[in-house]
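Just so we're aligned: the sequence shown equals residues 1 to 255 in full-length UniProt numbering.
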Amino acid sequence: MTTVLRCDDLAAGYTKGRPCVRGLDLELNKGEILAMLGPNGAGKTTVLLTLSGLIPSLGGSVEVDGTALKSGDARGTSRAGLVLVPDNRALFTTLTVAENLRLAVSSRRRWTSERDRILNYFPGLRDRLKVAAGALSGGEQQMLAIGRALAQNPNVLLIDEMSMGLAPVIVERLLPVMRQVADDTDTAIVLVEQHVALALEVADTAMVLRHGEKVLEDDADVLKADPLRIEQAYLGDDTDPEGGVPASATADTVT
Ligand SMILES: Nc1ncnc2c1ncn2[C@@H]1O[C@H](COP(=O)(O)OP(=O)(O)OP(=O)(O)O)[C@@H](O)[C@H]1O
């Protein structure tokens with residue numbers, strides 16, 4: 001097992017001295033999938049933005065493949081092989097599918113082979129290569145966003161709310177592809193996901209963040225067998241039903 005992503009005592013947020021994520025330790029091996037779970041506002045997106053250098057960290061350290069990342073250095077982070085698929089997908093909507101992919105492939109020589117490798121994961125895009133990204137369905141756009149990230153051959157792929165705006169049936173199809181990618185390429189994947197049960201099906205480990213702190217971490221199989229632990233981690237001490245009790249972790253969605 002080789003650790004590819006490690007963060008120690010990470011503090012993250014938007015105002016110096018007022019972190020909304022605190023004391024986060026995280027270790028991920030090559031080819032492993034971590035499901036990062038938690039209620040709205042727990043800090044999941046903030047962690048991904050910090051890991052990818054899009055916002056500076058407020059404390060702690062992050063390493064990719066043993067190399068310490070500089071805080072807020074998005075370019076250096078991307079060079080280290082850490083790639084984010086943001087929740088808004090950030091596609092060039094007026095460019096075609098092929099053009100979006102082409103921009104992510106660094107070598108002209110490898111373009112065709114890289115394109116075909118990505119289309120093997122997402123065969124639904126094959127007939128859509130000449131279509132503008134903005135004209136794709138939500139599921140196709142997500143495939144393209146992930147495909148574009150894969151074209152950068154990441155060591156670590158961070159995917160924020162892959163299922164945002166997608167029907168569960170599409171999510172059921174996409175998540176196993178991420179498992180396949182991790183197995184084929186040894187890419188480590190952090191999945192921020194609201195579809196808890198589906199995420200646990202493909203993940204190796206899972207953690208729950210709540211109010212900016214890790215309140216639960218275990219093997220995905222162990223948590224799958226004991227969904228009450230996840231439910232309790234989401235709830236914390238908020239037992240007031242008026243406050244909104246989340247759906248069971250056995251259900252498709254916990255928000
Ligand atoms: N740009 C911002 N400026 C200031 N505060 C922010 C900003 N974005 C998020 N926050 C705050 O940071 C905290 C964590 O938010 P974050 O979006 O990371 O949570 P999340 O777990 O990803 O939630 P969700 O599941 O709803 O996306 C929240 O209190 C949120 O209001």
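Where a beta carbon is used, it is the ideal one built from N, C-alpha and C, also for glycine. Because the structure is a prediction, the values reported are computed rather than measured.
Where do the ends of the beta strand (DSSP E) carrying T205 lie? First-last of the beta strand (DSSP E) with T205: 205 to 210.
What residue range is occupied by the uninterrupted beta strand (DSSP E) comprising V21? 21 to 29
On the DSSP bridge list, what partners appear for A35? L191, A206
Are the CB atoms of T45 and V192 within a distance shorter than 8 Å? yes
Using beta-carbon positions only, say whether L91 and A74 come within less than 8 Å of one another. no
Using CA atoms only, rank isn't needed, just tell me which of P56, Q152, I170, A12 is closest to V85. Q152
Using the C-alpha atoms, what's the distance from S106 back to V245? Per-residue confidence for V245 stands at a pLDDT of 35, beneath the threshold of 50, marking its modelled position as unreliable; no derived number is given.
Along the chain, where does the beta strand (DSSP E) that runs through S163 open and close? Taken as a continuous stretch (DSSP letters only), S163 belongs to no beta strand (DSSP E), as it is neither H nor E.
With DSSP run on the structure shown, which of helix, strand or coil describes V169? helix
Can we count G38 as close to ligand 1, meaning its CB is less than 7 Å from some heavy atom? yes
Could you check which residue in A149, P168, V208 has the C-alpha nearest to that of A188? A149
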